[in-house]
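>
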Amino acid sequence: MTAFPVVLSAPSGGGKTTIARALLAAREDLGYSVSATTRTPRPGEQEGRDYFFLGRDEFTRRVDAGEFVEWAEYGGELYGTLRAQMDAVLASGRHVVLDIEIQGARAVRKLFPDAVLVFIVPPSAEELLRRLGGVQGSRSASLVRRLRRAIEELTEALEYDYVVVNADRTEAVAEVATILDAESGRPRRNAALEEDLAVLGREIGALADRIEQSTEA
Ligand code: 5GP
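Read in order, the letters of the sequence shown are residues 206 to 422 in our numbering.
1) Kindly indicate which residue of Gly410, Gly390, Val381 has the alpha-carbon position closest to the one of alanine 227.
2) Threshold first: 4 residues or longer. Then list the alpha helix (DSSP H) segments lying entirely within the region 326-368, N to C.
3) Mark alanine 296 as exposed unless 16 or more other C-beta atoms lie within 10 angstroms of its C-beta, in which case mark it buried.
4) Where does the unbroken alpha helix (DSSP H) through serine 389 begin, and where does it stop?
5) Under a criterion of Cβ closer than 5 Å to any non-hydrogen atom of the ligand 5GP, which residues qualify, in chain order?
6) Helix or strand or just coil, what does DSSP make of serine 297?
7) With the cut-off set at 9 Å, would you say valine 274 and valine 212 are in Cβ contact?
8) What would DSSP say about glycine 219, mapped onto helix, strand or coil?
9) Which residues does DSSP list as the beta-bridge partners of lysine 210?
10) Could you check the C-alpha separation between glycine 219 and lysine 315 for me, to the nearest Å?
11) Does the beta carbon of leucine 337 come closer than 9 Å to any beta carbon on chain C?
12) Along the beta strand (DSSP E) that carries alanine 277, what are the first and last residues, could you check?
13) Considering only C-alpha positions, which residue in the set Gly342, Ile325, Asp386 is nearest to valine 370?
14) What residues in its chain sit with their C-beta under 7 Å from that of valine 368, if we drop five residues either side in the sequence?
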């Protein structure tokens, strides 16, 4: 079967990074494309595991060198998918998971029409607020900015192939896994299927011939 890109997007606080990690831990047929970014690492984030953290100059140098499949500005920082990361996973025969925002998802869809795009949404406004670390009565300009941006991002969800509501993490992971299994079974993703069907057809033909001959005898 031909490996394909799996794009996961969500409004910030949608829970997609947790879902991506859980999927990658559970399935051997998936690999992660580590993005590059100009933003500074958050506590606990590791170079080369969560992101490649680059200075702006280095990032733009690599853009000019054609090292990115796509890149976009988000919240004042640059983020991009490295061609070498994607290629390495696809070459190993695994589907490549991209945790990227909407502009990036659009670019990937254009370049890889066989990509599967999944948009993860929080189950409610209150839950989104909670996941963003806020509480009712919070006073924070950045929290308001992120909530407003989530509204904008939600309007883009209909462009995706699938929308998964992340009410329960285990269930959301299972739902994405089901999507991947169904997508993997599509005939157009299975180059060997045509030959397999031809072999099966010949076997059935041989069987029919034998039955026919024995009934004639
Ligand atoms: P964060 O700073 O919270 O890790 O990520 C901010 C946003 O950038 C998220 O929506 C994340 O999915 C997106 N992002 C991460 N890596 C990439 C990338 O390589 N390309 C694009 N277009 N977006 C990315």
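Every residue, glycine too, gets a C-beta built ideally from N, C-alpha and C. A quick note: this is a predicted structure, and the numbers were derived from the prediction, not measured.
To lay it out plainly:
1) On the sequence shown, position 22 is the one that residue 227 refers to. It is Val381 whose Cα lies nearest to the Cα of alanine 227.
2) 330-336, 346-359
3) Translated into positions along the sequence shown, residue 296 becomes position 91. Flag for alanine 296 reads exposed.
4) For the purposes of this step, residue 389 is identified with residue 184 of the sequence shown, where counting begins at 1. Per DSSP, serine 389 belongs to the alpha helix (DSSP H) from 374-389.
5) Ser240, Ala277, Tyr279, Tyr284, Gly285, Thr286, Asp304, Ile305, Glu306, Gly309
6) As a first step, residue 297 is located in the sequence shown; it is residue number 92 there, counting from the start. Three-state result, serine 297: coil.
7) As a working note, residue 274 is residue 69 in the sequence shown. As a working note, residue 212 is residue 7 in the sequence shown. No, the Cβ-Cβ distance between valine 274 and valine 212 is not below 9 Å.
8) Position 14 of the sequence shown, counted from the first residue, corresponds to residue 219. Of the three classes helix, strand and coil, the one that applies to glycine 219 here is coil, per DSSP.
9) For the purposes of this step, residue 210 is taken as residue 5 along the sequence shown, with counting starting at 1. It should be noted that the sequence gives proline, not lysine, for residue 210. The partner list for proline 210 (beta bridge, DSSP) reads Val301.
10) Here the question's residue 219 lines up with position 14 in the sequence shown. Here the question's residue 315 lines up with position 110 in the sequence shown. Cα-Cα distance, rounded: 24 Å.
11) Here chain C cannot be found, since the structure has a single protein chain.
12) Here residue 277 corresponds to residue number 72 of the sequence shown, with the count starting at 1. Residues 273-279.
13) Residue numbering aside, residue 370 sits at position 165 when the sequence shown is read from its first letter. For valine 370, the nearest C-alpha among the options comes from Ile325.
14) Position 163 of the sequence shown, counting from 1, holds the residue named residue 368. The residues are Phe324, Val326, Ala362.
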